[in-house]
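Heads up, the thing below is written out as C-alpha cells.
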Amino acid sequence: MPISPDEFAVQRYTPEGGTLSLIVKLGNWACTPEDTDGGVFETVGKEIFMPLDQAASITVTNPIVESTENQPIGVQEFLDWLEAHPNAGLVFKYTVNSHGVIYDLDQEFTP
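Residues in the sequence shown are numbered consecutively from 82, following the working numbering.
Dropping the structure here:
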C-alpha cells in the first residue's frame with residue numbers, strides 16, 4: 082500500500098529526550114465503500130516519532146472541538162487532549178521545516 086507523503090495518524094506524544102515529539106503511524110486512505118461517508122485511513126508499519134515545534138500552528142475538528150470546520154488551538158491544548166485520548170489515531174496533514182520539525186498540523190475531518 083502506498084503511504085501518504087503528508088498525512089499520518091497521531092497516537093500519542095512524548096517529551097522524552099528534551100524534544101517534544103508526536104508518536105504517529107504512517108498510512109493512506111482506503112477506497113471508499115459504497116455504504117459509508119468516506120474511506121478509512123489505514124496505517125502501516127511501526128509507530129515513529131516526529132518532532133513538533135512548541136509554537137506549531139494546529140487546527141482541529143471533531144472530536145477535539147465541536148466543529149466540522151478546522152479551528153485553531155494551542156500546542157498545550159492539543160497535548161492535553163492527546164493525553165486524555167491516547168491512541169485515538171486522528172488523521173492530520175503536516176508540514177515540516179528544513180530540520181524535519183512539524184510546524185503546521187491540520188486535522189482531516191472524517192464524518
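Cβ atoms here follow ideal geometry from the backbone N, Cα and C, with glycine treated the same way.
Note that the structure is a prediction, hence the values are computed from the model and not measured.
- Counted as a single uninterrupted DSSP element, the beta strand (DSSP E) harbouring E88 occupies residues 88 to 95.
- When secondary structure is reduced to three states using DSSP, E123 falls in the strand class.
- DSSP places F130 within a strand segment (E or B) once states are collapsed to three.
- The residues G120, V121, E123, in chain order, have a CB closer than 6 Å to that of A111 in the same chain once the five nearest residues on each side in sequence are set aside.
- Contact annotation: V146 and E88 have beta-carbon atoms that are not nearer than 8 Å.
- Cβ contact annotation for P167 (same chain, cutoff 8 Å, sequence separation greater than five): Q92, R93, in chain order.
- For the 8 Å CB-CB criterion, D134 and Y184 form a contact.
- For L186, the enclosing beta strand (DSSP E) has its first and last residue at 183 to 188.
- With a beta-carbon spacing of about 6 Å, G108 and A90 fall inside the 8 Å limit used to define contacts.
- In the DSSP assignment, V105 falls within the unbroken beta strand (DSSP E) covering 102 to 110.
- Shortest Cα-Cα distance from N151 to any of K106, P96, N143 involves N143.
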